[in-house]
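Visitor:
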Amino acid sequence: PLLCRNFLDQAEQFFRSGHTNNWAVLVCTSRFWFNYRHVANTLSVYRSVKRLGIPDSHIVLMLADDMACNPRNPKPATVFSHKNMELNVYGDDVEVDYRSYEVTVENFLRVLTGRIPPSTPRSKRLLSDDRSNILIYMTGHGGNGFLKFQDSEEITNIELADAFEQMWQKRRYNELLFIIDTCQGASMYERFYSPNIMALASSQVGEDSLSHQPDPAIGVHLMDRYTFYVLEFLEEINPASQTNMNDLFQVCPKSLCVSTPGHRTDLFQRDPKNVLITDFFGSVRKVEITTETISLQQYSEMESSYKEDQMDEELMEPLKYAEQLPVAQIIHQKPKLKDWHPPGGFILGLWALIIMVFFKTYGIKHMKFIF
Amino acid sequence: MGLLSDPVRRRALARLVLRLNAPLCVLSYVAGIAWFLALAFPPLTQRTYMSENAMGSTMVEEQFVGGDRARSFARDFAAYRRKSGALPVAWLERTMRSVGLEVYTQSFSRKLPFPDETHERYMVSGTNVYGILRAPRAASTESLVFTVPCGSDSTNSQAVGLLLALAAHFRGQIYWAKDIIFLVTEHDLLGTEAWLEAYHDVNVTGMQSSPLQGWAGAIQAAVALELSSDVVTSLDVAVEGLNGQLPNLDLLNLFQTFCQKGGLLCTLQGKLQPQDWTSLDGPLQGLQTLLLMVLQQASGRPHGPHGLFLRYRVEALTLRGINSFRQYKYDLVAVGKALEGMFRKLNHLLERLHQSFFLYLLPALSRFVSIGLYMPAAGFLLLVLGLKALELWMQLHEAGVGLEAGGGPGPSAPLPPAQGVGLASLVAPLLVSQAMGLALYILPVLGQHVATQHFPVGEAEAVVLTLLAIYVAGLALPHNTHRVVSTQAPDRGWMALKLVALIYLALQLGCIALTNFSLGFLLAATMVPAAALTEPHGPRPLYAALLVLTGPAATLLGSLFLWRELQEAPLSIAEGWQLFLAALAQGVLEHYTYGALLFPLLALGLYPCWLLFWNVLFWK
Chain H
10 PLLCRNFLDQ
20 AEQFFRSGHT
30 NNWAVLVCTS
40 RFWFNYRHVA
50 NTLSVYRSVK
60 RLGIPDSHIV
70 LMLADDMACN
80 PRNPKPATVF
90 SHKNMELNVY
100 GDDVEVDYRS
110 YEVTVENFLR
120 VLTGRIPPST
130 PRSKRLLSDD
140 RSNILIYMTG
150 HGGNGFLKFQ
160 DSEEITNIEL
170 ADAFEQMWQK
180 RRYNELLFII
190 DTCQGASMYE
200 RFYSPNIMAL
210 ASSQVGEDSL
220 SHQPDPAIGV
230 HLMDRYTFYV
240 LEFLEEINPA
250 SQTNMNDLFQ
260 VCPKSLCVST
270 PGHRTDLFQR
280 DPKNVLITDF
290 FGSVRKVEIT
300 TETISLQQYS
310 EMESSYKEDQ
320 MDEELMEPLK
330 YAEQLPVAQI
340 IHQKPKLKDW
350 HPPGGFILGL
360 WALIIMVFFK
370 TYGIKHMKFI
380 F
Chain P
63 MGLLSDPVRR
73 RALARLVLRL
83 NAPLCVLSYV
93 AGIAWFLALA
103 FPPLTQRTYM
113 SENAMGSTMV
123 EEQFVGGDRA
133 RSFARDFAAY
143 RRKSGALPVA
153 WLERTMRSVG
163 LEVYTQSFSR
173 KLPFPDETHE
183 RYMVSGTNVY
193 GILRAPRAAS
203 TESLVFTVPC
213 GSDSTNSQAV
223 GLLLALAAHF
233 RGQIYWAKDI
243 IFLVTEHDLL
253 GTEAWLEAYH
263 DVNVTGMQSS
273 PLQGWAGAIQ
283 AAVALELSSD
293 VVTSLDVAVE
303 GLNGQLPNLD
313 LLNLFQTFCQ
323 KGGLLCTLQG
333 KLQPQDWTSL
343 DGPLQGLQTL
353 LLMVLQQASG
363 RPHGPHGLFL
373 RYRVEALTLR
383 GINSFRQYKY
393 DLVAVGKALE
403 GMFRKLNHLL
413 ERLHQSFFLY
423 LLPALSRFVS
433 IGLYMPAAGF
443 LLLVLGLKAL
453 ELWMQLHEAG
463 VGLEAGGGPG
473 PSAPLPPAQG
483 VGLASLVAPL
493 LVSQAMGLAL
503 YILPVLGQHV
513 ATQHFPVGEA
523 EAVVLTLLAI
533 YVAGLALPHN
543 THRVVSTQAP
553 DRGWMALKLV
563 ALIYLALQLG
573 CIALTNFSLG
583 FLLAATMVPA
593 AALTEPHGPR
603 PLYAALLVLT
613 GPAATLLGSL
623 FLWRELQEAP
633 LSIAEGWQLF
643 LAALAQGVLE
653 HYTYGALLFP
663 LLALGLYPCW
673 LLFWNVLFWK
């Protein structure tokens with residue numbers, strides 16, 4: 010019994026984060042050569058995420074334009090994130106899942122919610138389950154409450170919040186980290202209402218996120234400030250780091266970023282200081298090698314402890330849903346006159362007045378022909 | 063009951079309008095002129111800014127170092143050209159091929175309607191040579207053009223040298239997303255017109271040219287260069303194009319940002335940029351530049367090859383290198399770097415330039431006036447015509463109010479409506495004026511050979527003198543037409559004619575002002591007072607003098623003098639007259655060779671209108 014309790018404690022510590030697999034959805038929404046920096050942003054997060062252990066099969070990378078092979082690129086097949094060409098984030102093995110015109114709001118939402126046509130290849134699917142931690146990174150041009158996709162459509166913060174709610178209801182994530190690097194990025198996470206979501210943005214409402222690294226040889230800005238400093242921060246992380254989310258919140262203060270990065274943690278269950286960076290950015294398999302042999306309990310005792318765990322689980326998950334659809338109101342609706350309409354008699358009176366004035370001007374004698 | 067249908071109220075309103083009309087007209091005219099003069103001053107001018115996102119900043123690294131190569135090419139070109147007398151086509155082909163371009167030639171020929179005395183040519187035939195640099199990794203869907211016009215009077219050999227050196231430099235870069243066409247044309251603008259027509263597969267000016275063998279995609283922008291010396295002290299930019307069309311302001315902004323980046327001295331209309339906009343000096347200098355631009359735009363001439371590109375909605379600029387007596391000089395490398403930067407930024411374009419203004423006025427290179435701010439000036443001037451027309455309408459259509467502003471001695475007999483009686487007397491002057499206009503348009507060029515047979519003049523002189531003769535003959539009209547038309551025209555018939563003439567003038571000037579504001583404003587500023595004041599009663603010689611002085615021909619003469627005055631090279635009377643005759647000939651010629659519209663507008667539109675006023679003045 011003593012050994013079993015120890016094992017249970019160890020097991021609890023082992024699974025303290027609650028997730029068993031990691032996914033990443035990285036989206037760059039803008040096309041055209043002068044938006045080179047958005048592709049570089051996304052590719053640098055892709056690079057970090059891959060380096061820390063998430064395999065390509067668990068990454069959905071959506072790039073709206075091809076900068077590496079753009080005819081205007083003086084260094085073809087490269088995408089640099091530091092000027093003077095220090096760091097090529099395009100590398101040798103980039104696997105882009107959604108490319109060019111496939112990056113649309115509809116495809117993005119389908120990826121998130123899993124409502125994908127049966128013919129979609131596996132690499133284009135987000136096959137997450139209720140023990141997945143998902144990192145969602147979006148960059149592009151945005152405004153107060155929306156993010157622009159490809160110069161022709163937008164996704165609003167409400168749509169995004171609803172998509173996340175659908176994911177929660179379909180048990181498609183355990184915890185979600187949402188990072189957005191656009192102008193007025195904080196507006197995109199204002200409307201989230203599903204549990205277990207932590208969000209970071211590069212600027213507050215009313216602020217612009219600025220670009221960084223102007224490179225005259227290539228002729229464009231290479232990165233955005235926030236992601237540039239996030240990349241520098243992530244370069245220090247290795248799969249064994251114990252750095253937590255509070256450090257990520259400190260990345261790029263106003264002095265470096267000019268805009269004020271923001272974050273939102275009220276929907277998140279755990280305390281951010283207990284959340285490791287590698288919980289989202291890496292795919293860390295917890296392996297503990299033990300030289301002791303552990304004998305497992307009999308089945309019946311396992312069952313009772315299993316039930317205890319289940320009850321604990323129930324207590325640990327306070328499921329709170331916001332009232333999205335007030336059904337009661339809809340079913341028992343009475344036709345309430347919300348707007349004031351003038352009484353019907355008013356119209357008749359008005360016409361009578363018009364006719365009276367008409368006859369007064371042109372002669373009362375016409376009236377007897379009517380009445 | 064209604065304001066307009068109640069006779070008592072109408073009379074009161076009519077009296078009010080008639081009483082206030084004269085002061086309102088004067089006020090409106092003065093407001094129009096004052097608004098125009100205020101255009102150079104700060105609240106109405108704004109700083110220019112780059113509107114196209116794709117061309118954001120001057121963040122490019124210029125690497126052109128081929129100054130020596132450019133000079134050697136220029137020397138060779140000048141030598142071959144002197145030897146052959148015309149464009150050295152074979153040498154150009156060889157050199158362009160050695161630099162790495164795909165070379166094609168195009169021959170063209172044109173028989174001008176009459177000999178051109180300024181350029182001394184009549185039967186023109188020549189060859190254009192152009193080389194295409196294909197974009198290494200893109201489909202040839204779009205292209206940029208770099209053109210150098212070579213004529214007999216301006217050899218532009220350094221420009222050709224720089225073109226070849228830049229072509230060699232560009233050929234070594236891999237970041238081109240558009241094809242670049244390097245075009246050398248013969249006979250200046252005639253060659254450019256021939257090439258453009260063949261490239262776009264149209265024939266608007268009767269040029270005969272051989273079809274092109276090589277194409278490169280839709281042209282997004284073009285830059286023309288005229289450079290005749292090894293070093294320059296400043297670069298002058300010309301924006302006004304054919305018929306007053308202007309390129310997109312972003313192209314000018316691009317040029318100006320590279321001027322600033324390279325520290326080059328750039329001028330507009332030959333004038334330096336005023337630095338001090340807070341005091342009075344800057345805006346006054348800006349006003350001079352603005353007036354020069356207005357005069358150049360009003361003339362409707364293409365002031366460089368760029369003017370012909372604009373017709374095909376290709377944004378284009380002409381850059382002229384000027385070598386004056388300043389001490390600080392720039393060599394070909396500096397000019398080459400500026401051009402390289404411009405082309406590199408144009409390479410980033412994804413769509414045609416459309417974000418910035420197409421209609422603007424420029425008091426300085428870094429200041430502009432947008433159409434929303436300069437249009438009220440023309441509006442105020444045309445308002446005068448409207449007010450006058452309204453006054454005449456009221457005078458014609460009311461019963462019982464005398465002609466004087468204070469009201470007559472009592473209601474006279476109601477007048478018959480003017481249309482019924484005066485219709486016949488209106489149609490005749492209109493038809494005769496239009497016929498005179500038609501004669502002014504057709505006869506000079508048609509009758510030049512007849513004129514040369516009977517008079518000892520050359521063809522060009524014959525054309526010009528016939529023009530002037532018909533113009534003056536129109537002045538004799540009223541005394542003759544009245545013998546033709548019945549003399550039962552009532553005394554008020556002139557009012558109806560003047561009403562029609564005012565509306566006709568207002569319509570024409572309004573339409574002109576919309577597309578070519580400068581021409582519309584200039585004509586309105588001169589013709590509106592004369593048109594408003596003209597009437598048969600009153601001091602006839604004075605009105606006649608005023609009308610003659612504000613007629614189209616006199617306006618042209620006056621604007622020539624003003625133009626040279628503003629350029630600080632004033633003319634004497636004799637020189638001015640010679641220039642006037644030359645300008646007339648050029649105007650007619652450009653109408654036939656490039657499709658310039660000033661000559662038909664003045665001959666078929668404004669001259670008949672002006673004759674109607676002359677008719678009104680001499681109404682018996």
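For the record, the sequence lines run as chains H and P. Just so we're on the same page, our numbering is the position in the first sequence counted from 1, plus 9. Just so we're on the same page, our numbering is the position in the second sequence counted from 1, plus 62. All C-beta atoms, glycine included, are put in the ideal place defined by N, C-alpha and C.
Are the CB atoms of residue 146 (chain H) and residue 48 (chain H) within a distance shorter than 8 angstroms?
Guide: No. Outside cutoff.
Visitor: Give the secondary structure of residue 515 (chain P) by DSSP, where H, G and I count as helix, E and B as strand, and everything else as coil.
Guide: DSSP places residue 515 (chain P) in helix when its eight states are reduced to three.
Visitor: According to DSSP, simplified to helix, strand and coil, what is residue 194 (chain P)?
Guide: Here residue 194 (chain P) sits in strand by DSSP.
Visitor: Cβ of residue 228 (chain H) less than 8 angstroms from any chain P Cβ?
Guide: At least one chain P Cβ lies under 8 angstroms of residue 228 (chain H).
Visitor: Any beta-carbon of chain P closer than 8 angstroms to the one on residue 234 (chain H)?
Guide: Closer than 8 angstroms: no.
Visitor: Identify the contact partners of residue 521 (chain P) in chain H, using a Cβ-Cβ distance below 7 angstroms as the criterion.
Guide: Within chain H, no residue comes near residue 521 (chain P); the closest Cβ sits about 53 angstroms away, beyond 7 angstroms.
Visitor: In the DSSP assignment, find the unbroken alpha helix (DSSP H) run with residue 298 (chain P) in it and report its ends.
Guide: Unbroken run through residue 298 (chain P) is the beta strand (DSSP E), 296-300; no alpha helix (DSSP H).
Visitor: With a threshold of 7 angstroms on Cβ separation, who are the neighbours of residue 109 (chain P) within its own chain once the five nearest residues in sequence on each side are excluded?
Guide: Closer than 7 angstroms at the Cβ level, and outside the excluded window around residue 109 (chain P), lie 428 and 429.
Visitor: Is any non-hydrogen atom of the ligand SAH found closer than 7 angstroms to the C-beta of residue 238 (chain H), if you look at the structure I gave you?
Guide: Inclusion of the ligand SAH in the displayed structure is not the case, the ligand content being empty and no account of it being possible.
Visitor: Check each candidate in P:677, P:655 and P:125 and name the one with the smallest Cα separation from residue 255 (chain P).
Guide: Residue 255 (chain P) has its Cα closest to that of P:655, out of P:677, P:655 and P:125.
Visitor: Select from the segment 114-142 of chain P all residues with a C-beta closer than 8 angstroms to any C-beta belonging to chain H, and list them in chain order.
Guide: Listed by position along the chain: 115, 116, 118, 119, 121, 122 and 123.
Visitor: Go through its chain and collect everything with a Cβ distance to residue 667 (chain P)'s Cβ below 6 angstroms, but skip five positions before and after it.
Guide: These residues qualify, in order along the chain: 570.
Visitor: With respect to the alpha helix (DSSP H) encompassing residue 171 (chain H), which residues constitute its N-terminal and C-terminal limits?
Guide: Here the alpha helix (DSSP H) through residue 171 (chain H) covers 166-178.
Visitor: What does residue 194 (chain P) touch in chain C if you count any residue whose Cβ is under 7 angstroms from its own?
Guide: Absence of chain C from the displayed structure is noted, the protein chains being H and P.
Visitor: Report yes or no: do the segment 497-512 of chain P and the segment 570-588 of chain P share at least 3 C-beta pairs separated by less than 8 angstroms?
Guide: The answer is no - the segment 570-588 of chain P does not touch the segment 497-512 of chain P, with fewer than three Cβ pairs under 8 angstroms.
Visitor: In chain order, what are the residue ranges of uninterrupted beta strand (DSSP E) at least 3 long that sit wholly in the segment 141-187 of chain P?
Guide: Entirely contained in the segment 141-187 of chain P, the beta strand (DSSP E) runs reaching 3 residues are, in chain order, 164-178.
Visitor: Which value, in whole angstroms, describes the spacing of the CA atoms of residue 617 (chain P) and residue 592 (chain P)?
Guide: Going by the C-alpha atoms only, they are around 12 angstroms apart.
Visitor: Flag residue 236 (chain P) as yes if its beta-carbon sits less than 8 angstroms from any beta-carbon of chain H, otherwise no.
Guide: It does: the Cβ of residue 236 (chain P) has a partner Cβ on chain H nearer than 8 angstroms.
Visitor: Could you tell me whether the Cβ atoms of residue 143 (chain H) and residue 182 (chain H) are closer together than 8 angstroms?
Guide: Yes, Cβ-Cβ distance for residue 143 (chain H) and residue 182 (chain H) is below 8 angstroms.
Visitor: Relative to the C-alpha of residue 228 (chain H), which candidate in H:275, H:44 and H:151 has its C-alpha closest?
Guide: Comparing Cα-Cα distances from residue 228 (chain H) to each of H:275, H:44 and H:151, the minimum goes to H:44.
Visitor: Looking only at its chain, what residues have a beta carbon closer than 6 angstroms to the beta carbon of residue 369 (chain P), apart from the 5 residues adjacent to it on each side?
Guide: Counting only Cβ-Cβ distances below 6 angstroms, and skipping sequence neighbours, we find 303 and 304.
Visitor: Please list the terminal residues of the continuous beta strand (DSSP E) segment that includes residue 629 (chain P).
Guide: Premise fails: residue 629 (chain P) is in no beta strand (DSSP E) and is neither H nor E.
Visitor: Does any residue of chain H bring its CB to less than 8 angstroms from the CB of residue 315 (chain P)?
Guide: Residue 315 (chain P) does not count as touching chain H.
Visitor: Cα separation between residue 493 (chain P) and residue 640 (chain P)?
Guide: Spanning the two alpha carbons is a distance of roughly 33 angstroms.
Visitor: Would you report the Cα separation of residue 128 (chain P) and residue 122 (chain P), rounded to the nearest angstrom?
Guide: If I take the Cα positions, the gap works out to 18 angstroms.
Visitor: Residues of chain H with CB under 9 angstroms from residue 206 (chain P), in chain order?
Guide: Residues of chain H passing the Cβ test: none, with the nearest at roughly 13 angstroms.
Visitor: Taking C-alpha atoms, which residue in P:243, P:383, P:317 and P:333 lies nearest to residue 295 (chain P)?
Guide: Nearest of P:243, P:383, P:317 and P:333 to residue 295 (chain P), Cα basis: P:383.
Visitor: Would you call the CB atoms of residue 309 (chain P) and residue 259 (chain P) closer than 8 angstroms?
Guide: No, they are not a contact pair.
Visitor: Does the segment 136-144 of chain P touch the segment 236-244 of chain P, meaning 3 or more C-beta pairs lie closer than 8 angstroms?
Guide: At 8 angstroms Cβ cutoff, the stretches do not touch.
Visitor: For the alpha helix (DSSP H) containing residue 611 (chain P), list its first residue and its last residue.
Guide: From DSSP, the alpha helix (DSSP H) with residue 611 (chain P) extends over 602-611.
Visitor: Given this structure, state the Cα-to-Cα distance separating residue 279 (chain H) from residue 105 (chain P), to the nearest angstrom.
Guide: Distance between the alpha carbons of residue 279 (chain H) and residue 105 (chain P) is about 58 angstroms.
Visitor: Taking 8 angstroms as the threshold (C-beta atoms), are residue 221 (chain P) and residue 195 (chain P) in contact?
Guide: In this structure, residue 221 (chain P) does not lie closer than 8 angstroms to residue 195 (chain P) by Cβ.
Visitor: Ordered along the chain, which non-local residues of its own chain (more than five positions away) have a Cβ less than 7 angstroms from that of residue 364 (chain P)?
Guide: Excluding residues within five positions, the ones whose Cβ falls inside 7 angstroms are 251, 303, 304, 370 and 656.
Visitor: Just verifying my parser: in three-state terms, what is the DSSP assignment at residue 465 (chain P)?
Guide: With a pLDDT of only 40 at residue 465 (chain P), under the threshold of 50, the placement of this residue in the model should not be trusted; the figure read from the coordinates follows. If DSSP states are grouped into helix, strand and coil, residue 465 (chain P) belongs with coil.
Visitor: Is the Cβ of residue 409 (chain P) closer than 8 angstroms to any Cβ of chain H?
Guide: Chain H, which has a Cβ nearer than 8 angstroms to the Cβ of residue 409 (chain P), makes this yes.
Visitor: Give, in chain order, every residue of the segment 81-97 of chain H whose Cβ lies closer than 8 angstroms to some Cβ of chain P.
Guide: Result list: 81, 82, 83 and 85.
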